[in-house]
Amino acid sequence: MESPITLGNNNNQRNIAVLNFGTNDRSNCVTVLETALYLTEKYIGKIINSSYIYETVPEYVVLDETIRFEKVREKEIVYDINWVNDLVTTLERSRHEEGDDLIYECKELEKFLKNEKLNESTIQEVSVEKYEYETKNIIRANDEIMKKNLEQFKNKYYTSYFFNLTVIVRSFVEDPLSMLIILKYIEQIMKRKDAKKDLGEIFENRIIDIDILFFNNYTIFEKCINLKKEDVYKIITKYIHIDNNTNKKRLEIIQNLNDKIKFLCIPHVYTKRRYSILLCLNDIIPDYIHSTLNESINSAYNNYINKFEKIHCVNIRKNNKRLYVLKDKVSHLKEKTHIVGILNVNYDSFSDGGLFVNPTKAVERMFEMINDGASVIDIGGESSAPYVVPNPNITERDLVIPVLKLFKKEWNKLVYDMTNNVMDSQGEENMALQNMMNTKPIISIDTVNYDIFKECVDLDVVDILNDISSCTHNPDIIKLLKKKNKFYTVVLMHKRGNPHTMDKLTNYNDLIYDIKNYLKDRLNFLVLNGIPRYRILFDVGLGFAKKHDQSIKLLQHIHVYDEYPLFLGYSRKRFIAHCMEKNGTTNGHIKLSNGNKNEDKKDTSQIWRFKMNYMRQDKDQLLYQKNICGGLAIASYSFYKKVDLIRVHDVLETKAVLDVLTKIHQS
């Protein structure tokens, strides 16, 4: 049939679309997916919600041979994605790209979730019965093709897991067919190759898949769409500035897009029949009910799991992993406890203030923490300790920026020198260079200051924003968390008041869930403004507007964050020593003589005798000895509770604890 679309002219109307993104490039999945997100916001509309990224195993792999999962994970497809920067810098302008103003609600999404009408469909809708009939026929035909391919090209299908992500878009695109055409254009300019079905390579060429799962609350099925080249060109140029100066390859892509669009199905054919889709949808619209589903997304998700296990005796959940991102690589949720090394470059921090204000000493400490085993280094230029008054004669910026710039310079020099050594030598040096690149730490900046974080972003010297105000001090800082196709991870912490008032703000209706609900609310605000869910970490704020016993209670209930990436900061804090019995700090009040006859019997600072690294000498040494030892107990507890990141001063000691525990638990 001819194209079923009629072009409208209402540029003010907004529609709600739910899109699914997938790639099978493990090494570059973050770059691939986030480039696709950037192009989507540019050419489709504002992303207002997103799921976690999931590493998923296709159902046909699960059912075929579960013992082959390890082989699936070992073999990877690795694409050359050096083209990404060129693509981003040479993109055609969007005719309707939205600004970056923060939004606090989305009326269109509220209507969508209630199944209310948004806008008239320019494409004729079909009945639920018609939709079911047509989609079952498609699935039946696809199953036959899949069966033949699995039999003939079995090993081709065991190449890698898929990485999936679902988002909600408030779109300026007026209809689903126009959106499908633009999404196909995005896929093609992102180097997606045509599938060679006859060679069994259909899944080896999918650097990016983008599917429309829902569009408003429409039910549409159009088969045998016959788009002409001029139809496609007209639609593309309505939303994207295309002219004679456009890249020739992209003009060729537009010319050939009509061959790639044969039918349109809303909701997507496999929306309720694919676990990977339901898994992502359950993150963002669990209570949504489309007329073709007859149940909520959450109900469909749970029913799928139960039915799959009942029929096949396989728990499909265990083969699908929730992921979060710190820089440009994925991490599996609750599979490893990463160490975040603390670097305070101010004068006021409670245990190490003043020790690293000199940039050279600070950078030396950074390299030391790298060698000691820190995955992340968190740099702070302003103390948040109780009752601290910042020095008015020196700014946070003057303390932080020189350190970050010097570290970048020293690291680049190290890489340059080692690269030259590699060119003059054999394989061992090359391996050393690769190992060094793998140990480069992720850099976090502990600040609530918009201008400081902006300068860090402009200088490209940080990867994470650790904002103890959960981006409430200056909400505009959220806008800095995405820069074209580069996104920054953010730590959202719970606190009340300021260093002078927080100790008086410790009354809660329900300590555990008041804090959790606050963090969830902040997460919801950030994802509403386009920050991917998988880049948001929670920090319960131990010691911030919490009494000692309240901090302990939060640790006791840390399992309530099992579904979220968790960042825990406990190092050297007062509540740790509070846990210790007094008679346990003096060896039963029996003090061993060290032969010093002039020993001050009233001096209790020497009762515990071990060296503390990087500790201010004007502080109670015994108190901090207790805090450090107790902190190692929390490190052990964090390992067992699968806390994702722990923020510590004492990196070497903490790494020793985690390494021993890891060795003990190795099978």
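Here the working numbering = 1-based position in the sequence shown + 438. Just so it is clear, CB atoms sit at the ideal spot from N, CA and C, and this is done for glycine as well. All values derive from a computational prediction rather than experimental measurement.
Asked                                                                                                                                                                          : Found
The beta strand (DSSP E) that contains A455, what's its start and end?                                                                                                         : 453 to 461
With DSSP collapsed to three states, give me the class of K774.                                                                                                                : coil
Return the chain-ordered list of same chain residues with a C-beta closer than 6 Å to the C-beta of C909, the five sequence neighbours on each side being excluded.            : I915, I916
Please confirm whether A1073 and I1066 have their CB atoms less than 8 Å apart.                                                                                                : no
What residues are listed by DSSP as bridge partners for I883?                                                                                                                  : I817, L903
Can the beta-carbon of F1077 be found closer than 8 Å to that of T775?                                                                                                         : yes
Taking the continuous beta strand (DSSP E) assigned at C703, which residues delimit it?                                                                                        : 702 to 704
With L930 and R960 assumed to form a contact (beta carbons below 8 Å), what rounded beta-carbon distance in angstroms separates them?                                          : 5 Å
What are the partner residues of K924, as DSSP defines its beta bridges?                                                                                                       : K921
Any contact between the stretch 748 to 765 and the stretch 571 to 585? By contact I mean 3 or more CB pairs, one from each, below 8 Å.                                         : no
With a threshold of 6 Å on Cβ separation, who are the neighbours of S488 within its own chain once the five nearest residues in sequence on each side are excluded?            : V605, V965, P970, R971
Can you list, in chain order, the residues of its chain whose CB lies under 6 Å from that of V456, leaving out five sequence neighbours each side?                             : I606, L651, F652
Keeping to the same chain, check which residues put their C-beta closer than 7 Å to that of G1033; ignore five residues upstream and five downstream.                          : Here G1033 scores only 46 on pLDDT, less than 50, and its place in the model should not be relied on; the value that follows carries that caveat. Cβ within range, chain order: n/a, list empty.
In terms of alpha-carbon separation, which member of I839, I996, D816 lies closest to V928?                                                                                    : D816
For L781 and K942, what's the separation of their Cα atoms in angstroms?                                                                                                       : 28 Å
With respect to the beta strand (DSSP E) encompassing K759, which residues constitute its N-terminal and C-terminal limits?                                                    : 759 to 763
Label L716 either buried or exposed according to how many other C-beta atoms from any shown protein chain fall within 10 Å of its C-beta, with 16 as the threshold for buried. : buried
Compute the beta-carbon to beta-carbon distance between L393 and C718, rounded to the nearest angstrom, for a pair I have assumed lies under 8 Å.                              : Because the chain spans 439 through 1105 in this model, residue 393 falls outside it and cannot be assessed.
Which residue from G818, N923, D855 puts its Cα closest to that of N887?                                                                                                       : G818
From H932 to D1000, what does the alpha carbon distance come to, in whole angstroms?                                                                                           : 17 Å
Using the three-state DSSP reduction, which class does V783 fall into: helix, strand or coil?                                                                                  : coil
I839 to T877, Cα distance in whole Å?                                                                                                                                          : 22 Å
Below 8 Å, can you find three or more Cβ-Cβ pairs linking the stretch 700 to 716 to the stretch 725 to 739?                                                                    : yes
Taking 8 Å as the cut-off, decide whether the C-beta atoms of I491 and F601 are in contact.                                                                                    : yes
Counting pairs of beta carbons, one from the stretch 474 to 484 and one from the stretch 527 to 545, are three or more of them closer than 8 Å?                                : yes
So does the stretch 756 to 764 actually touch the stretch 971 to 991, counting three or more Cβ pairs closer than 8 Å?                                                         : yes
Alpha carbons only, please: which of C894, V998, D810, N829 is nearest the one belonging to K843?                                                                              : C894
Do L618 and I680 have their CB atoms nearer than 8 Å?                                                                                                                          : no
Between the C-alpha atoms of V783 and K799, what's the straight-line distance to the nearest angstrom?                                                                         : 10 Å
Name the one or two DSSP bridge partners that R608 has.                                                                                                                        : I454, K484
Candidates N757, V566, T560: which alpha carbon is nearest N732's?                                                                                                             : V566
Give the secondary structure of N955 by DSSP, where H, G and I count as helix, E and B as strand, and everything else as coil.                                                 : helix
Starting from F794 and walking both ways along the beta strand (DSSP E), at which residues does that stretch end?                                                              : Counting along the chain, F794 falls outside any beta strand (DSSP E), and DSSP gives it neither H nor E.
Return helix, strand or coil for I1084, following the three-state DSSP convention.                                                                                             : strand
Note the first and the last residue of the continuous beta strand (DSSP E) segment covering Y492.                                                                              : 491 to 494
Please report the residue range of the alpha helix (DSSP H) in which I727 lies.                                                                                                : Careful: I727 lies outside any alpha helix (DSSP H) and carries neither H nor E.
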